[in-house]
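Here is the structure we will look at.
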Amino acid sequence: MMISKAFFYVIDTFDVIDSNNPNVITTKNEIEIFNKVIKIIRDEVDVRHKDAEPYFSVLFEGKANRWILRFYDKKSLCIVF
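Okay, so the sequence shown: first residue is 1 according to my numbering, each after it adds one.
Printed below as a string of C-alpha cells:
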C-alpha cells in the first residue's frame, strides 16, 4: 500500500500547518502538484511528500536524498526536477 494515495484523496482543499514548525505550511498548490505526480506515476513507485520552509518536495520512497521534484513558492514560483 502506498502512503501517497491517502494524501491524494484526503488533502485537497485546505492549507495544512505543521504543528512542530508553524512556519511550514503545506498549501493547496503544493498538494495539487503532488496529486499531479501521483496521477502520472500512480502505481509504479512509492511516492511521498515532505514540506520544509524553503520548498515542498515530492520524494521517491520517502527518502530526502531521492527527490523527484522540489517546488519553491516563497519569492517566485519554480519547480526543479
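C-beta: ideal position from N, C-alpha, C; glycine also.
Checklist entry - With respect to the beta strand (DSSP E) encompassing PHE56, which residues constitute its N-terminal and C-terminal limits? => result That run of the beta strand (DSSP E) goes 56 to 60.
Checklist entry - Can you list, in chain order, the residues of its chain whose CB lies under 8 Å from that of ASP15, leaving out five sequence neighbours each side? => result For ASP15, where only same-chain residues beyond five positions count, the Cβ hits under 8 Å are ILE25, THR26, THR27 and LYS28.
Item to check | For VAL45, the first and last residue of its enclosing alpha helix (DSSP H) | outcome: Neither: VAL45 is in no alpha helix (DSSP H) and is coded neither H nor E.
Next on the checklist: For GLU53, count the other beta carbons within 10 Å of its own beta carbon; 16 or more makes it buried, fewer makes it exposed. Which is it?
Outcome noted: With fewer than 16 Cβ atoms within 10 Å of its Cβ, GLU53 is classed as exposed.
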